[in-house]
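A.B. asks:
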Amino acid sequence: MKPETLKNISAILRGELTEPDAENVYIGGISVDSRSIKPGELFFALRAERDGHLFIPDAYEKGASAAVVERKIDNPIPQIIVNNTLDALGKLAKNYREAINPRVIGITGSVGKTSTRQMIAAVLRSRYRLHSAKKNYNNLIGLPLTILEMPENTEIAVLELGINRIGEMEKLVEIAEPDIAVITEIANVHTEGLKDMENIVQEKLKILSKMKQDEPVFINKDNAMLYEKTEKIHPTMITYGIENPADFRAREISFEQGKSSFKVDGLKVKLNLLGRAPIYSALSAIAVGEYLGIPPVIIAELLESLKPQPHRMELVQIAGVNIIDDSYNSSPIALYEAFKTLDMIYSKRKLVVIGDMLELGEYTEKYHREAGEWIVEFGFDGAIFFGPSMMLAAQTAQNKGYEKQFLATQIFDDAMDFLKEKINTGDTILIKGSHGMEMIRFVQELKKWLSEQK
Numbered sequence: 036m037k038p039e040t041l042k043n044i045s046a047i048l049r050g051e052l053t054e055p056d057a058e059n060v061y062i063g064g065i066s067v068d069s070r071s072i073k074p075g076e077l078f079f080a081l082r083a084e085r086d087g088h089l090f091i092p093d094a095y096e097k098g099a100s101a102a103v104v105e106r107k108i109d110n111p112i113p114q115i116i117v118n119n120t121l122d123a124l125g126k127l128a129k130n131y132r133e134a135i136n137p138r139v140i141g142i143t144g145s146v147g148k149t150s151t152r153q154m155i156a157a158v159l160r161s162r163y164r165l166h167s168a169k170k171n172y173n174n175l176i177g178l179p180l181t182i183l184e185m186p187e188n189t190e191i192a193v194l195e196l197g198i199n200r201i202g203e204m205e206k207l208v209e210i211a212e213p214d215i216a217v218i219t220e221i222a223n224v225h226t227e228g229l230k231d232m233e234n235i236v237q238e239k240l241k242i243l244s245k246m247k248q249d250e251p252v253f254i255n256k257d258n259a260m261l262y263e264k265t266e267k268i269h270p271t272m273i274t275y276g277i278e279n280p281a282d283f284r285a286r287e288i289s290f291e292q293g294k295s296s297f298k299v300d301g302l303k304v305k306l307n308l309l310g311r312a313p314i315y316s317a318l319s320a321i322a323v324g325e326y327l328g329i330p331p332v333i334i335a336e337l338l339e340s341l342k343p344q345p346h347r348m349e350l351v352q353i354a355g356v357n358i359i360d361d362s363y364n365s366s367p368i369a370l371y372e373a374f375k376t377l378d379m380i381y382s383k384r385k386l387v388v389i390g391d392m393l394e395l396g397e398y399t400e401k402y403h404r405e406a407g408e409w410i411v412e413f414g415f416d417g418a419i420f421f422g423p424s425m426m427l428a429a430q431t432a433q434n435k436g437y438e439k440q441f442l443a444t445q446i447f448d449d450a451m452d453f454l455k456e457k458i459n460t461g462d463t464i465l466i467k468g469s470h471g472m473e474m475i476r477f478v479q480e481l482k483k484w485l486s487e488q489k
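Heads up, the sequence shown is in the numbering used here, so the first residue is 36 and it goes up one at a time.
#1: Locate the beta strand (DSSP E) running through residue 116, then write down its first and last residues.
#2: Pull up the DSSP beta-bridge partners for residue 382, would you.
#3: Hey, would you say residue 403 sits closer than 7 Å to residue 427, going by beta carbons?
#4: Output yes or no for whether 7 Å exceeds the beta carbon distance between residue 432 and residue 407.
#5: Would you list, in sequence order, the uninterrupted alpha helix (DSSP H) runs of no fewer than 4 residues that lie entirely inside the region 160-187?
#6: One question on the structure: do residue 113 and residue 101 come within less than 7 Å of each other, judged by their Cβ atoms?
#7: What residue from 277, 250, 341 and 264 has the CA that sits closest to residue 294's CA?
#8: Of all the options 158, 215 and 199, which has the alpha carbon lying nearest to the alpha carbon of residue 234?
#9: Just how far apart, CA to CA, sit residue 241 and residue 271?
#10: My guess is that residue 463 and residue 357 are in contact by the Cβ rule of under 8 Å, so how many angstroms apart are they, rounded?
#11: Between residue 42 and residue 58, what straight-line distance do the alpha-carbon atoms span, to the nearest angstrom?
#12: Helix, strand or coil: which one does DSSP assign to residue 214?
#13: Quick one, are the C-beta atoms of residue 283 and residue 318 less than 7 Å apart?
#14: Assign residue 379 to one of two classes, buried (16 or more other C-beta atoms within 10 Å of its C-beta) or exposed (fewer than that).
#15: Just verifying my parser: in three-state terms, what is the DSSP assignment at residue 257?
#16: State yes or no: is the C-beta of residue 132 within less than 7 Å of the C-beta of residue 191?
#17: Rounded to whole angstroms, what is the Cα-Cα separation between residue 171 and residue 286?
#18: From residue 299 to residue 51, what distance separates their C-alpha atoms?
#19: Going by CA-CA distance only, name the one from 343, 159, 273 and 95 that's closest to residue 150.
#20: Alpha carbon to alpha carbon, how far is residue 381 from residue 292? Give it in angstroms, no decimals.
#21: Thinking C-beta only, is residue 110 closer than 7 Å to residue 95?
#22: Are the region 318-329 and the region 452-472 touching, with three or more C-beta to C-beta distances below 8 Å?
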């Protein structure tokens, strides 16, 4: 953010400055973490897993110029007292965004937000002064911090809006106020907080609530429910997809050596990324890029230059074995898309190591049983079901007639022993699970073991 006085910040936040003599002190940055705060920054004492007020002495010792608090703390640091520090952070970001006034592209969806943001940003950066988050900062803390880091000359801001609870999208939209929206996909993710599919769709579509009717929302048309519900509330849509007719539809899809290629309107697009999921992200980037005046050929060149993100459908080849490392996270729709990609890859044999999908709430049993059905549907040559919920998937696969060798276990060493016993040269192994399942352990151990077999 541009330097601002404590007096002005206090006025924006409608807070009480405890040290009137400090009202002309300039603030050059914002921090919510006392461990990384820099001299001259303003510290927001947020109440998260630990109360940020407890770390004000640390922030003061490291040179923070002031703190935003909900109660006065016994410390020499100047303080702005507000009712709610999280709301105050959002209010300051909203004020700064209004002052800079960039065109805002808001991206939401159950999956694919980060890769879509990265691709859109890579395309638009070729023509515009663009700002985008360095990480997937997309919640009520991360979004304001992303906005407050925005340079004053920003023309376009590409922002993620991620939600876990009902009511969060309205707050995010109030802060970001998107001019253009991109909705990647709607699926049963974070159902513990959003309860069911109807709530998820309803909450995600609130990203459109402050948009002008003649500004477009870019949507994945392969989700029929999303398309139908969006059509009813927002007249200006630009669609993309793979399965169904759309304004931007991928055809002639192929996967080879960890890369993907496809055609859209006769344009050949190559990605150094593996899978259907990055193709959806690329389609949205092509659509947004063309809408904002970037030539299609330039877009294709920019997309081809992107490098894969670690542990997201990342192909690792060791000792004649192909490991598809998709260990970063998982959800029902992401797992199914990964299975579809694996199914389209030529390989001697195809094996899967799948861990629990977390945060599904009351839908946990339903979607893990469906995962077992998908294993049967695709007929993979072997499977390891890892975690308590994946026991349901294994049970379902067995009941549905899965005849290939598999193991259902919650013990890592047993799973690795089984995997090492079954692997042959020429195999392709997909490893995927929710972040909390630490599926990266399988990738690391397998890479180490295969390297020793050379």
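The beta carbon of each residue, even a glycine, is placed where N, CA and C say it ideally should be. All values reported here derive from a predicted model rather than from experimental measurement.
C.D. replies: The answer reads as follows:
#1: 114-116
#2: DSSP lists no partner for residue 382.
#3: Taking 7 Å as the cut-off, the beta carbon of residue 403 is found closer than this to the beta carbon of residue 427.
#4: yes
#5: The DSSP assignment places 177-183 as complete runs of the alpha helix (DSSP H) inside the region 160-187, in order along the chain (cut-off: 4 residues).
#6: Contact: yes.
#7: 341
#8: When 158, 215 and 199 are compared, the shortest CA-CA separation from residue 234 is found for 199.
#9: 15 Å
#10: 4 Å
#11: 4 Å
#12: coil
#13: For the pair residue 283 and residue 318, the CB atoms are nearer than the 7 Å cut-off.
#14: exposed
#15: coil
#16: no
#17: 29 Å
#18: Distance from the CA of residue 299 to the CA of residue 51, rounded to the nearest whole angstrom, comes to 56 Å.
#19: 343
#20: Linking residue 292 to residue 381 through their CA atoms gives a straight-line distance of about 10 Å.
#21: yes
#22: no
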